[in-house]
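Residue numbers (the working numbering), protein chains in the order written: chain A, 23 to 258; chain B, 433 to 917.
C-beta atoms are modelled at their ideal positions from N, C-alpha and C, and glycine is treated no differently.
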Amino acid sequence: MPKITFKIDGKQCTAEDGQNLVEAAADNHVYIPTLCHMKGEKCLGTCRVCMVKVNGKDMAGCTLSVSEGMEVTFDTPELNDKRKALIEMLFVERNHFCPSCEKSGRCDLQALAYRFKMHIPRFRYRYPFFEVYSKVDKLMLEHNRCILCQRCVEFIRDPDTNRKIFSMRNRTNKSMIQVDYRLANKMSEEQIDKAVAICPVGAIIKKGQGFDEAYGQRKYDQHPIGYEVDGGTNSK
Amino acid sequence: MPQKITIDPVTRVEGHGKVTIRLDDAGHVEQARLHIVEFRGFERFVQGRPYWEVPVLVQRLCGICPVSHHLAGAKAVDEIVGVKPSTGTQLTKPAEKLRRLMHYGQMFQSHVLHFFYLCSPDLVFGVDGDIATRNIVGIAQAAPELATKAILMRKFGQEIIKATAGKKIHGISAVPGGIHKNLSIEERDYFLNGKDIPNIDTMIEWSAEAVAFFKDFHAKNQTWSDTFAAHNSAHMGLVSKDGGMDFYHGNLRVVDSTGRVLLDDVDYHHYLDHLGEETKSWSYMKFPFLKLQGSQDGWYRVGPLARVNVCDYIPSKLANEEYEIMRAYTHGKPNNMTMHYHWARLIETLHAAEVMKELLNDPDLQKTNLITKGTKTAEGIGVIEAPRGTLLHHYRVGADDRVTMCNLIVSTTHNNNAMNAAVTQAALDMMEGNTTITEPMMNGIEVAIRAYDPCLSCATHALGQMPLEVTLIDSKDNVLDVRVR
Ligand code: SF4
């Protein structure tokens, strides 16, 4: 794959031609936050937290491929505030109660809220009513925490039929994830563990797992999110 | 003219309460009530949550004794995952010892907080001392050494909690069937070597000094200590199989005010057979009673004084010596003197320190077999002796692992009737024959309540700030006077 050069905030970067921008940025030690994109996987473009400016337009970074001479604006007060606003919207949209969530300390949404120094969201809490979906034998779907990133929809499929186990239902603010519980009951332990791991929040939980890591040893207790990319050089 | 005096809210207790004292035409105390006016409803919103969230969620009831709720919740959900001694499956030794260390650390810091920060101003400066200095800042100025020790003792207890639970407040380590972290050698040595903080031996020494401090106070103020807000009652607490004091586990024992054993060796799983709860329109806090004696006469006390009254001995040397002295003061009979709660609390502080020392030196705490699982069940009950007394958590869980029922009887709720009795007695002691209400009188009422170290936020599952307002109302509800401080 031929190498190209492009710029992020004036910093000269190199990448493979056509490489996904979020991944290319990471290879150049620039952490563009995202809650839906997964390295090497197809772009979902659902969370928009990876927002950048290219040619004067706001765009989701994970939907872009880099090309020779491309100039990307990422770290500006305006874009950082928009990203922070998006995170705040995710918090007010459902009922995120971190103190009793087993994903606390290893939750991408919580970690980004810390990174963006979110204290009180600027938006009104909506307090929607959701029941925990618990009919599947080995997992629960905690809708109160779901950010509708759709990772589970795309990347967790029935191995025999490739059919989706998780899918989207309804539209706009009625949107929610539904589970094909027959397929879900066929999931292997490994596949359940994968679903729990790729869910960026505590929406997919394995029954009985709970708080299995000590405080101080959880993923984001040691280093903030994005540390492995930028070494903590940028707080946004 | 009949009068009603309102003390609202009560200060230096955890939470928010309000006291009304109704005087009749002649100025005699007619009735005194402690109203609990806040409501939080944890029992309802735990419903529907996955059972393993219980220990972490319910501890949010309180910022002062979260460990007690964390562990009572954990004991209940242990049973959900099939860890229940009566079925032959129990916690591993290291898991139980680590939980005990967490709990005794909590007992230590909570008792120190209560005695030194909240109560000692009344004892050092007197109930009628100058209100400007009758607080912890006044203590820091008048007795800086005492204040410094209090701060370091509290810190020690909090560091024990942090080392075992992960955080000083609202840790996450007790999980169904065990605990998810042990105590490393470095963590242990922090408490033993005295390099960074005064070590556990110093804690024992200072705790013994605290007991001596109370005994000295008592010698100088014997009449007041023995009679103020005193009233007869039954006493309830957990005791170990052989009758020893045990804060973490045991069976229920109840003795009456004369020492007659009303209940003994009661497995707390049968609490519903023995305890009833009554609601009253003027308080959000329920009124528990012994079914044996009915709602009128069946009330009892819990907490340090009750524990000293129900146990046969304290299983640590120095605390047991002090226990013997305290028991001898009432000739081996139950002690019904409300102000002696402080005495009992400090003996328990000493005991907690001694137990922490024993546990810190136990190599089991570095072991890694920390979690047990058995056959799942649909119901779990956890009872523990919290700093303020017996704490009961009861849950039922559906086949889908979500909580369907939660019943909590917290320590302060057990003491509800007793606190009302203490308020009445204090009102009789201080108000009788008076037509004007002074600040020391108001404080006297509060001193009676504070002896119980009530956590009103736990009791109503509520939280509040505590400025003080006193309203004087006649029998026709005309406000005669309002005092705000
Ligand atoms: S359940 Fe998790 S992975 Fe699935 S859409 Fe919701 S947040 Fe994303």
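Is it buried or exposed, residue i, if we count other Cβ atoms within 10 angstroms and call 16 or more buried?
i                      : result
residue 714 of chain B : exposed
residue 721 of chain B : buried
residue 193 of chain A : exposed
residue 501 of chain B : buried
residue 760 of chain B : exposed
residue 704 of chain B : exposed
residue 590 of chain B : buried
residue 542 of chain B : buried
residue 142 of chain A : exposed
residue 889 of chain B : Bear in mind that a pLDDT of 44 at residue 889 of chain B, under 50, signals an unreliable position, so the model cannot answer this.
residue 576 of chain B : exposed
residue 90 of chain A  : exposed
residue 446 of chain B : With a pLDDT of 47 at residue 446 of chain B, under the threshold of 50, the predicted position of this residue should be treated as unreliable, though the coordinate-derived value follows. So residue 446 of chain B counts as buried.
residue 126 of chain A : buried
residue 538 of chain B : buried
residue 588 of chain B : buried
residue 564 of chain B : exposed
residue 24 of chain A  : exposed
Note down, in chain order, each residue of its chain lying with its Cβ closer than 8 Å to the Cβ of residue i, except the 5 sequence neighbours on either side.
i                      : result
residue 962 of chain B : The shown model of chain B, from 433 to 917, leaves out residue 962 of chain B, and the question about it has no answer.
residue 622 of chain B : 591, 595, 628, 629
residue 33 of chain A  : 50, 52
residue 198 of chain A : 152, 165, 168, 170, 190, 191, 192
residue 259 of chain A : This structure cannot speak to residue 259 of chain A, because chain A is shown only from 23 to 258.
If the cut is a Cβ gap below 9 Å, which residues of chain A does residue i touch?
i                      : result
residue 489 of chain B : 119, 121, 122
residue 485 of chain B : 122, 123, 124, 232, 233
residue 602 of chain B : 121
Leaving aside the five residues before and after residue i along the sequence, list all residues of the same chain whose C-beta is less than 6 Å from its C-beta, in chain order.
i                      : result
residue 35 of chain A  : 28, 50
residue 94 of chain A  : 30, 74, 76
residue 746 of chain B : 677, 752, 755, 783
residue 821 of chain B : 734, 735, 843, 846
residue 581 of chain B : 638
residue 527 of chain B : 610, 611, 802
residue 876 of chain B : 559, 858, 862
residue 40 of chain A  : 87
residue 838 of chain B : 475, 478, 827
residue 599 of chain B : none
Applying a beta-carbon distance threshold of less than 8 Å, which residues of chain A neighbour residue i?
i                      : result
residue 480 of chain B : 153, 154
residue 608 of chain B : 230, 232
residue 492 of chain B : 121, 122
Whose Cβ in chain A lies nearer than 7 Å to the Cβ of residue i?
i                      : result
residue 647 of chain B : In chain order: nothing, as chain A lies at least about 40 Å away.
Note down, in chain order, every chain B residue with its Cβ under 8 Å from the Cβ of residue i.
i                      : result
residue 227 of chain A : 482
For residue i, which residues does DSSP report across the bridge?
i                      : result
residue 669 of chain B : B:685
residue 465 of chain B : B:452
residue 838 of chain B : B:827
residue 42 of chain A  : A:87
residue 710 of chain B : B:719
residue 489 of chain B : Note: residue 489 of chain B sits in no beta bridge, so no partner.
residue 188 of chain A : A:201
residue 226 of chain A : A:163
residue 34 of chain A  : A:29
residue 82 of chain A  : A:73
residue 516 of chain B : B:521
Strictly below 7 Å CB to CB, what residues from chain B border residue i?
i                      : result
residue 236 of chain A : 598, 605, 612, 613
residue 162 of chain A : 482
What does a CB cutoff of less than 7 Å around residue i pick up in its chain, not counting 5 residues either side in sequence?
i                      : result
residue 171 of chain A : 57, 58, 66, 68, 69, 222
residue 773 of chain B : 735, 736, 737, 883, 884
residue 606 of chain B : 487, 502, 503, 506, 531
residue 110 of chain A : 140, 143, 144, 145
residue 53 of chain A  : 248, 251, 252, 256
residue 688 of chain B : 666, 694
residue 807 of chain B : 514
residue 158 of chain A : 201, 203, 206, 207
residue 162 of chain A : 154, 155, 156, 227, 229
List, in chain order, every chain B residue whose beta-carbon is nearer than 9 Å to that of residue i.
i                      : result
residue 157 of chain A : 832
Under 8 Å, Cβ to Cβ, is there at least one residue of chain C near residue i?
i                      : result
residue 728 of chain B : Protein chains A and B are contained in the structure displayed, whereas chain C is not.
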